[in-house]
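Participant: Here the working numbering runs 142 ahead of the position in the sequence shown, where the first position is 1. The structure that follows is given in the form of structure tokens.
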Amino acid sequence: MSIETKLRVTEIQRFCMHDGPGIRTTVFLKGCPLNCQWCHNPEGRKSSPELLFYESKCIYCGGCADVCKNGVHIIKNGHTLSRNMCTSCTDCVEICPTCALEICGKEMTVDEILEIVEKDRPFYGDNGGITLSGGEPFFQKETISLLKASKERNLTTVVETCGYADMDILRSAAPYVDLFLWDLKDTDEKRHMEYIGVSDKPILSALDEVNKMNGRIRLRCILVNGVNTIEAHYKNIAEIASKINRLDGVELLPYHAYGGSKMVSLGYEDNGKKDWVPSTDTIAYAKSVLKENGVSVI
């Protein structure tokens with residue numbers, strides 16, 4: 143393995159408590175094959191670097207327009223951006239006095255990533271370590287090298303995946319993954335096509351393949367009110383869970399609208415929908431159906 147293997151990273155968060163067992167350092171990788179309507183990490187969709195603009199922080203000083211060589215920034219009756227002209231040079235980011243601009247996505251070597259991860263080794267204990275999230279970690283084949291290097295350094299590894307990935311990459315990576323956090327977004331193919339943009343069949347096939355490889359799997363299931371908050375979906379989750387040999391439980395993730403502001407900063411419409419947020423009664427009912435069907439809900 144070459145130490146010069148590079149991955150596209152959006153962010154590295156330290157001291158994470160909800161991305162697997164123990165205290166973890168979560169590496170968010172860039173690029174995702176899905177198009178979830180409720181995406182809460184839209185900055186992880188595209189593989190290439192992207193310019194984020196936080197309009198509430200802008201004081202319209204014009205510094206960004208002065209240094210930009212490509213005419214991305216136009217300060218006239220506000221601040222508009224020609225994002226297709228951006229080359230991600232970071233000149234505007236560096237000169238902005240209020241941090242209203244950010245370039246999301248940079249290439250990092252395996253060693254550069256692990257140097258940050260290992261800063262928190264004293265806090266990991268027996269079960270903490272590195273978690274890969276995204277985007278979709280398996281969207282980049284270099285993820286294999288990062289996982290292998292992590293195990294060589296005796297780090298426990300967790301990967302949050304949507305399961306829609308190249309099977310060769312998934313098979314090669316699986317031996318270096320201690321726990322898969324498998325995002326099961328819906329169990330109805332028609333809804334999956336409508337709200338996720340792809341069929342769920344490749345995802346279920348990949349899940350079956352990892353299960354055959356004896357992978358340890360935790361199902362993470364988003365609850366979107368009015369979309370998949372129905373008994374049939376909960377029973378489908380239970381059926382899928384019953385077939386997993388090393389099931390680490392089922393985790394329910396209620397939809398939240400926090401990703402909407404990120405969409406706006408990327409130049410898209412706010413995708414946050416308050417009516418998609420499930421009530422406490424809806425969440426409780428989902429848990430009760432799963433438990434009645436023999437599922438351990440985390």
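All C-beta atoms, glycine included, are put in the ideal place defined by N, C-alpha and C. What you are looking at is a predicted structure, and each value in this text was computed from that prediction instead of being measured.
How close, in whole Å, do the beta carbons of V437 and V392 come, if the pair is a contact with beta carbons under 8 Å?
Facilitator: Rounded to whole angstroms, the Cβ separation of V437 and V392 is 5 Å, and the two are in contact under 8 Å.
Participant: DSSP three-state call for V366: helix, strand or coil?
Facilitator: coil
Participant: Which of the three DSSP states, helix, strand or coil, is assigned to R333?
Facilitator: helix
Participant: Is DSSP giving M405 helix, strand or coil here?
Facilitator: helix
Participant: Give a yes or no on whether the C-beta atoms belonging to I174 and F281 are separated by under 8 Å.
Facilitator: First, the amino acid is wrong: residue 174 is Cys here, not Ile. The answer is yes: Cβ separation under 8 Å.
Participant: Please tell me whether R387 and G402 are closer than 8 Å, where the distance is taken between their beta carbons.
Facilitator: According to the sequence displayed, residue 387 carries Asn and not Arg. Not a contact, by the Cβ cut-off of 8 Å.
Participant: Could you check the C-alpha separation between A291 and G409 for me, to the nearest Å?
Facilitator: 36 Å
Participant: Between which two residues does the alpha helix (DSSP H) harbouring E268 extend?
Facilitator: Note on identity: in this sequence residue 268 is Asp, with Glu being the wrong assignment. D268 -> no alpha helix (DSSP H), and no H or E assigned at all.
Participant: If you draw a straight line from the alpha carbon of L243 to that of I217, how long is it in whole angstroms?
Facilitator: 14 Å
Participant: Short of 7 Å in beta carbon distance, which residues of its chain neighbour V235, apart from the five on each side in sequence? Order them along the chain.
Facilitator: Only L243, E244 and I245 meet the Cβ criterion.
Participant: Hey, which unbroken runs of the alpha helix (DSSP H) at 4 residues or more fall wholly within the stretch 296-322?
Facilitator: Runs found: 309-315.
Participant: Give the range of the beta strand (DSSP E) segment to which G391 is assigned.
Facilitator: In the DSSP assignment, G391 falls within the unbroken beta strand (DSSP E) covering R388 to P396.
Participant: Measuring CB to CB, does C210 end up less than 8 Å from D233?
Facilitator: Cβ atoms of C210 and D233: closer than 8 Å.
Participant: Excluding the five sequence neighbours on either side, which residues of its own chain have a C-beta within less than 8 Å of the C-beta of P184, listed in chain order?
Facilitator: G401, K404, M405, L408, Y410 and N413
Participant: Which first and last residues belong to the beta strand (DSSP E) in which C234 is found?
Facilitator: Counting along the chain, C234 falls outside any beta strand (DSSP E), though it belongs to the alpha helix (DSSP H) covering D233 to I237.
Participant: Touching or not, the stretch 339-346 and the stretch 298-310, by the rule of three or more beta carbon pairs under 8 Å?
Facilitator: yes
Participant: Kindly indicate the opening and closing residues of the beta strand (DSSP E) around L194.
Facilitator: E192 to F195
Participant: Quick check on T168: does DSSP put it in helix, strand or coil?
Facilitator: strand
Participant: Output yes or no for whether 8 Å exceeds the beta carbon distance between V300 and G357.
Facilitator: no
Participant: Quick one: what's got a C-beta closer than 8 Å to K416's C-beta in the same chain, skipping five residues either side?
Facilitator: A399
Participant: Hey, quick one: how far does the alpha helix (DSSP H) through I286 stretch, first residue to last?
Facilitator: T285 to E294
Participant: From this set, T371, K433, D390 and F170, which residue's C-alpha is nearest V419's C-alpha?
Facilitator: T371
Participant: Would you kindly work out how many angstroms separate the C-alpha atoms of L193 and H221, rounded to a whole number?
Facilitator: 14 Å
Participant: Could you check what DSSP says for L223 in three-state terms: helix, strand or coil?
Facilitator: In the structure shown, L223 sits in a strand (DSSP, three-state: E or B).
Participant: Which residue from K429, L171, D310 and Y202 puts its Cα closest to that of T251?
Facilitator: L171
Participant: Going by the DSSP bridge assignment, what does Q155 pair with across the sheet?
Facilitator: In the DSSP output, where bridge partners are listed per residue, Q155 has T168.
Participant: Unbroken alpha helix (DSSP H) runs of length 4 or more, entirely within the stretch 175-218: which are they?
Facilitator: 205-209
Participant: Look up E244 in the DSSP assignment and say whether it is helix, strand or coil.
Facilitator: strand
Participant: If I measure Cβ to Cβ from R362 and keep anything under 6 Å in the same chain, skipping five residues before and after, which residues do I get?
Facilitator: L323, D325, E393 and L395
Participant: Kindly identify the DSSP beta-bridge partner or partners of L274.
Facilitator: V169 and V301
Participant: Would G162 and L312 be called neighbours here (beta carbons separated by less than 8 Å)?
Facilitator: no
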